[in-house]
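The structure appears below as structure tokens.
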Amino acid sequence: MTGIIPQIALKELVTVYRSKVILLTAGIILLLLLLAAWGGFSHYKTTRHIREAAQREKREQWLHQDPKHPHIAAHFGTFAYKPKTWFSMFDAGLDNYAGSYAYLEPHRQNDFVFKPAEGYGATIRFGQLSVALVLQLLVPLLIIFMGFASITQERDNGTLKLLLGSGISLYQVAAGKVMGLVLALLLLLLPALLLTGCFFAWQAPEAGNDGWIRALLLLAVYSAYFLLFTLLTVFVSAVSKTSGNALLTLLSVWIIGCIIIPKAAANIGSDCYPLPSQYTFREAIQKDIAQGIDGHNTKDERAKQLEAQVLRQYHVSKVSELPFNFEGYVMQAGEEYSSKVYDKYFHQLQQTLVDQDRLPRTAGLFDPFLFLQGISMGLSATDIYTHIDFQQKTEAYRRAFVQKMNEDMMQHSTLGDWNYKASRQLYASVPDFRYQVLPLREVLKTYSTELLSLTILLLTALFLFTIILKRIPVISQI
124 MTGIIPQIAL KELVTVYRSK VILLTAGIIL LLLLLAAWGG FSHYKTTRHI
174 REAAQREKRE QWLHQDPKHP HIAAHFGTFA YKPKTWFSMF DAGLDNYAGS
224 YAYLEPHRQN DFVFKPAEGY GATIRFGQLS VALVLQLLVP LLIIFMGFAS
274 ITQERDNGTL KLLLGSGISL YQVAAGKVMG LVLALLLLLL PALLLTGCFF
324 AWQAPEAGND GWIRALLLLA VYSAYFLLFT LLTVFVSAVS KTSGNALLTL
374 LSVWIIGCII IPKAAANIGS DCYPLPSQYT FREAIQKDIA QGIDGHNTKD
424 ERAKQLEAQV LRQYHVSKVS ELPFNFEGYV MQAGEEYSSK VYDKYFHQLQ
474 QTLVDQDRLP RTAGLFDPFL FLQGISMGLS ATDIYTHIDF QQKTEAYRRA
524 FVQKMNEDMM QHSTLGDWNY KASRQLYASV PDFRYQVLPL REVLKTYSTE
574 LLSLTILLLT ALFLFTIILK RIPVISQI
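So the sequence shown is residues 124 to 601, counted in the working numbering.
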């Protein structure tokens, strides 16, 4: 290596690898990464198998149910299961806190049930061990332990004074330290990176068409996050008088940025935008369906208005004279009205969830941990926006299959004839439910502010690192 900065980097690399404490810490983190990766993969495989098997079973039950009246068949219903995304083994995100399946039937939009976190008890409050959690929380701690004394130790040993006396600037020393720490971290994490790369190449088809792009973006944002912590660590070491002061400052930053602010932001968001109780939510929906969205158009009044409107439209005096089964028409009209009510309240509910998420995202503009957490969940398709999208597409599927049943009732049965039975061809005409996660462009659009913030923060850190260290008076450097 030629040049003073590479030479300093090489010396720092050797220093790091001579520290048994750092190697032990790195070994523990690598072990945790391995355990998290194995646990994530096992959970992904098991959960995916269970949900796919359940989806196939419910589909077979739907297709092979006995011939029956279309509306009764609709009430037989079906289920929608949220597929386990490939990247969830890396970052589980909100998957353990959100429901994983819903029962689809006429007249009502059911909640998603079975939250895996319910089976963990109080331990889930500390977060599920995942590769993302280890990288977000523990690798920055490793960087701090590697670099908190990178320059203060040189000052204590007297070597910093010799370096500065030979015409080398503090900036060059710090830049060499940053390069050395980056190389040391890369080599320490190299086994995990190689295993991850081989595993991803093996499993790439399951990751989707944009899997490689998502993986590269995750690699880029995590690398930027680690670089930010490395710059901060060396900078604090450069401006601190002792190694103890540097370590205390950096640990304080880590605790505040990675633990206190994220918890506080989430709690404040929940307090500012509270979710309604299950009872209040359902009661409001049923009230609007019965009394009308505006409170002045009851269900009976709507039925009378609908009948009068249809009779005028078809120029007949009785519903029995209509060219279709009016009961099926009423069923569908009721579905469409209740859908408006459900849209109103579920939109409010989803907006509340988005509002709760807004505060942590805003705090993330200044806290790298928070914006990394959001981007990581988004790219892994385990964030709140993926869950909302799944709910919306599931509801669209429910409405489409119920409408198909009602239309068959309208066209092929007569008024008051509940003995009519639809064939299994009708059941087969309802397509199987298949969910596709949000396309990557939508994810990038959603998190464009965080990505821009990350870029600006990294460039600002590099700029300040360069300018401030170049302008610190020599007397303060030694």
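Here a beta-carbon is modelled for each residue, glycine too, at the ideal position from N, C-alpha and C.
Because the structure is a prediction, the values reported are computed rather than measured.
Three or more Cβ pairs closer than 8 Å define a contact, and the segment 411 to 427 falls short of that threshold against the segment 509 to 521. The Cβ neighbour count for residue 583, taken over all protein chains shown within 10 Å, is under 16; the residue is labelled exposed.
Selection 484, 209 and 366 evaluated against residue 163 yields 209 as nearest (Cα-Cα). In this model, residue 522 and residue 550 are separated by some 15 Å (Cα to Cα). Taken through DSSP and simplified to helix, strand or coil, residue 191 comes out as strand. Counting only the Cα atoms, residue 524 lies some 32 Å from residue 166. Beyond the five residues adjoining it in sequence on each side, residue 196 comes within less than 8 Å, by CB distance, of 188, 528, 545, 549 and 550 in the same chain, given in chain order.
Distances from the CA of residue 532 to each of 133, 316, 193 and 335 were compared; the closest alpha carbon is that of 193.
Put simply, the segment 175 to 189 does not touch the segment 339 to 351. Fewer than three CB pairs are less than 8 Å apart. Look at the segment 507 to 591 and you find these whole runs of alpha helix (DSSP H), each 4 residues long or longer: 507 to 535, 547 to 551 and 563 to 569. Counted as a single uninterrupted DSSP element, the beta strand (DSSP E) harbouring residue 225 occupies residues 224 to 228. A check of alpha carbon separations from residue 469 across 412, 515 and 179 identifies 515 as the nearest. In this structure, the beta-carbon distance from residue 303 to residue 565 does not fall below 7 Å.
Taking residue 536 as the centre and dropping the five residues before and after it, the same chain places the C-beta of 448 and 543 closer than 6 Å to its C-beta, in chain order. The three-state reading of DSSP puts residue 208 in coil, since its state is none of H, G, I, E or B. The DSSP-derived three-state label of residue 403 is helix.
With the rule of 3 Cβ pairs closer than 8 Å, the segment 251 to 267 does not count as touching the segment 223 to 230.
In the DSSP assignment, residue 166 falls within the unbroken alpha helix (DSSP H) covering 143 to 186.
Straight across, the Cα-Cα distance linking residue 506 with residue 570 is about 11 Å. Under the three-state reduction of DSSP, residue 475 is assigned to helix. For residue 394, the uninterrupted alpha helix (DSSP H) segment begins and ends at 384 to 395. When C-beta atoms of the segment 372 to 381 are compared with those of the segment 287 to 298, fewer than three pairs fall below 8 Å, so the two segments do not count as touching. When secondary structure is reduced to three states using DSSP, residue 319 falls in the helix class. Here residue 480 is buried: its Cβ has 16 or more other Cβ atoms, across all protein chains shown, within 10 Å. When C-alpha distances from residue 396 are compared across 133, 471 and 280, the shortest belongs to 471. Distance from the Cα of residue 416 is smallest, within the candidate group 459, 151 and 385, for 459. In the three-state scheme derived from DSSP, where H, G and I count as helix and E and B as strand, residue 489 is classed as coil. Per DSSP, residue 429 is one residue of the alpha helix (DSSP H) stretching across 422 to 437. The closest CA to that of residue 221, considering only 128, 476, 577 and 133, is found on 476.
A straight-line Cα-Cα distance of about 29 Å links residue 587 and residue 568.
Fewer than three beta-carbon pairs drawn from the segment 397 to 409 and the segment 275 to 284 are found closer than 8 Å, and the two stretches are therefore not classed as touching. Judged by beta-carbon spacing, residue 272 lies within the 7 Å limit of residue 366, meaning their Cβ atoms are closer than that value. When DSSP states are grouped into helix, strand and coil, residue 275 belongs to the helix group.
For residue 366, the enclosing alpha helix (DSSP H) starts and ends at 366 to 378.
In this structure, DSSP gives residue 447 a state outside helix and strand, which the three-state scheme calls coil.
A distance below 7 Å between beta-carbons, with the five flanking residues on each side excluded, links residue 473 to the following residues of its chain, in chain order: 511.
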